[in-house]
Amino acid sequence: MSGILNSSIGRKFAMALSALFLMVFLLQHFSINILSVFSPDTFNEVSHFMGTFWVVQYLLQPVLIFGVVFHFVMGFVLEYQNNKARKVGYAKTSRAANSTWMSRNMLLTGLVVLAFLALHMYDFWVHEMQVKYIQGDMSGLINPDNAESGFRYYEELREKFVDPIRVGFYAVSFVLLALHLLHGFNSAFQSVGANNKYVKGLKGFSKVYAIGIPVGFIFIALFHHFTH
Amino acid sequence: MMNLTLKIWRQKNASDKGKMVDYPLSGISPDMSFLEMLDVLNQELIGKGEEPVAFDHDCREGICGTCSLYINGRAHGPATKITACQLHMRSFKDGDTIYIEPWRAEAFPVVKDLIVDRSSFDRIQQAGGFISVNTSGNTQDANAIPIEKENADKAFDAATCIGCGACVASCKNSSAMLFVSAKVSQFALLPQGQVEATDRVLNMVKQMDEEGFGNCTNTGACEVECPKGISLENIARMNREYLSASLKG
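Top to bottom, those sequences are chains A and B. Heads up, the first sequence is in full-length UniProt numbering, so the first residue is 1 and it goes up one at a time. Heads up, the second sequence is in full-length UniProt numbering, so the first residue is 1 and it goes up one at a time.
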């Protein structure tokens, strides 16, 4: 078992596990965000629970941050090693004849998603950390001195989607995320050794997930932009 | 008859920098094989007192895995499930420009022109691509052991890998996973391969990594370009075998 991460297959396996974990997180994130479209009160309640429950804050959040950082760092490590494996390239290649654009450009799509994550963290996570752990306001209220003021999460969310440039960048990033997932979803199963009739049956579901979740996020951003 | 422009990688030896060189070639029959076309070019070059183009070939019937040409951006050329020696000039048109390059990978260094050193594959095979059989005269008949038909078929399919290296050449990462997985699967699916299964996969993957091949990112290019149609299922099987062996080891 020792040194498994030093092997090419071990690194693939770790990359796939972190990807599968992030895909579960993405589904959970979407499930909460879509509540903001249908029920602002429920969205506020769930957001407050997620933002204050210690299991989420002190156990799951660090695991998530580790998962994200690990996935990106490992992506760069693998790209570096792969570039080293062919220092002299071909004068002519016809890669489109044997592989999809998505499968060949995971680094590019991943970098756009990374840039999006930086903005997303700045927009929401940094703000949350500041309010809760620097200002010490764990109330989640618009006015911490007035319990009647209601939770702040829904209003803050809508505020972020006023700027059309930010909404545009969010939309483009999610298109790139969809392209990333269109290859990454099935690839993760292949990497953990699952390539049988059952996994092949998942191909349809993987396309629904890879397109449906990002389109759903774009819908949420556009909804709040145009209804603000 | 076809008139062609060939753009061929010329490199005097392993330490030479190398470059693409243009060769106009006329009077090529569509019925010629690709390697026969190169033979015609070499006859012309020899006639002019120039160095002929060095390229690997042996059986010229798609069995030996020796030919290794990257033609117009694809391993073994534009057709599928054939080797370069099985490619015919009818796959091209009169007036075409054809790029001919060697396999590109640090683990396959160029020896001369279009010839690369694929001994890294030999070393991977030697690391575990075998079974130990008592050959003292009391060897058991392999057919005496019942084998499930599905597994026998899959093992046979894996065993059809000719080790040409098209998978490495086609992969954007120069990964050798399809080759190694075919060799691992060939034995992993059969009872005779079980005795050394753990050591086999660990040692072959270790050797593959030491040779400097890249990491597989599941683009599937190897499967598409493999002249023997080796399936990606073999890579998934090798991943399972490796993880299971790592946990045991």
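Glycine included, each C-beta is placed from N, C-alpha and C at the ideal position. A quick note: this is a predicted structure, and the numbers were derived from the prediction, not measured.
DSSP, read as helix, strand or coil, puts B/Met-20 in strand. Annotation for B/Gly-229: Lys-81 place their beta carbon closer than 7 Å to its own, counting only its chain and skipping 5 residues before and after. Spatial neighbours of B/Asn-3 in its own chain (CB-CB distance under 7 Å, excluding positions within 5 residues in sequence) are listed in chain order as Ser-26, Asp-94, Gly-95. Put simply, of B/Cys-67, B/Leu-41, B/Asp-16, B/Ser-175 the residue whose alpha carbon is nearest the alpha carbon of A/Ser-8 is B/Ser-175.
Of all residues in the stretch 89-113 of chain A, only Gly-89, Tyr-90, Ala-91, Lys-92, Thr-93, Ser-94, Arg-95, Ala-97, Asn-98, Ser-99, Thr-100, Ser-103, Arg-104, Met-106 come within less than 8 Å of chain B when Cβ atoms are compared, listed by chain position.
Spanning the alpha carbons of A/Ala-178 and A/Phe-219 requires a straight line of approximately 14 Å. Chain B places a beta carbon closer than 9 Å to that of A/Ile-4, counting this residue as a contact. Nearest neighbour of B/Ala-158 by Cα position, chosen from B/Met-177, B/Ala-142, B/Asp-117, B/Ile-145, turns out to be B/Met-177. Among the residues facing chain A, B/Phe-34 is not included, as its CB has no counterpart in that chain under 9 Å away.
With distances taken between CA atoms, A/Ala-91 lies nearest to B/Glu-101 out of B/Cys-85, B/Glu-101, B/Phe-92, B/Gln-86. Cα atoms of A/Lys-197 and A/Gln-61: separation of roughly 35 Å, rounded to the nearest angstrom.
If you look at A/Pro-62, you'll find it in the alpha helix (DSSP H) that goes 61-84. Sequence-ordered contacts of the stretch 194-222 of chain A with chain B read Ala-194, Asn-195 [C-beta pairs closer than 7 Å]. Judged by DSSP secondary structure, A/Pro-164 falls within the alpha helix (DSSP H) whose first and last residues are 164-191. Distances from the CA of B/Lys-149 to each of B/Leu-190, B/Ala-127, B/Gly-165, B/Val-133 were compared; the closest alpha carbon is that of B/Leu-190. The beta carbons of A/Val-46 and A/Ile-32 sit closer together than 9 Å. Here A/His-183 is actually not in contact with A/Val-113; their C-beta atoms are around 13 Å apart, not less than 8 Å. Put simply, the CB of A/Phe-13 is near chain B, with a gap under 9 Å to one of its CB atoms. Scanning B/Pro-52, B/Gln-11, B/Glu-61, B/Ile-131 for the CA closest to the CA of B/Pro-109 turns up B/Gln-11. In this model, B/Glu-233 and A/Gln-57 are separated by some 40 Å (Cα to Cα). Between the stretch 51-69 of chain B and the stretch 82-92 of chain B there are three or more inter-stretch CB-CB distances shorter than 8 Å, so the stretches are counted as touching. With fewer than 16 other CB atoms across the displayed protein chains lying within 10 angstroms of its CB, B/Gly-47 is exposed. Straight through space, the alpha carbons of B/Gln-140 and B/Pro-24 are spaced by roughly 58 Å. Pairing B/Ala-166 with B/Ala-155, the inter-Cα distance amounts to about 20 Å.
Between A/Phe-169 and A/Phe-30 a beta carbon distance of about 18 Å is seen, past the 8 Å cut, so the two are scored as non-contacting. Contact between the stretch 24-44 of chain B and the stretch 207-214 of chain A is absent, with fewer than three C-beta pairs closer than 8 Å. Non-local C-beta neighbours of B/Gln-125 in its own chain, meaning closer than 7 Å and more than five positions away in sequence, comprise Lys-183, ordered along the chain. Selection A/Asn-98, A/Leu-202, A/Thr-227, A/Met-106 evaluated against A/Arg-158 yields A/Thr-227 as nearest (Cα-Cα). Two segments are said to touch when three or more pairs of C-beta atoms, one from each, lie closer than 8 Å; by this definition the stretch 197-213 of chain B does not touch the stretch 119-130 of chain A. Within the stretch 92-126 of chain B, contact with chain A at the beta-carbon level (separation under 9 Å) is assigned to Tyr-99, Glu-101, Arg-104, Ala-105, Glu-106, Ala-107, Val-110. Taking the Cα positions, A/Ala-97 is about 16 Å away from B/Val-168. The DSSP-derived three-state label of B/Glu-101 is strand. Contacts between B/Glu-150 and chain A, judged by CB atoms closer than 9 Å, are missing: the closest CB pair is about 12 Å apart. Excluding five sequence positions before and after A/Leu-141, the CB atoms of its chain that fall closer than 6 Å to its own CB belong to Ser-149, given in chain order. At a cut-off of 9 Å between C-beta atoms, B/Ser-170 counts as an interface residue with respect to chain A.
For a Cβ distance threshold of 7 Å, nothing in chain B lies close to A/Ser-18: the least Cβ distance comes to about 14 Å.
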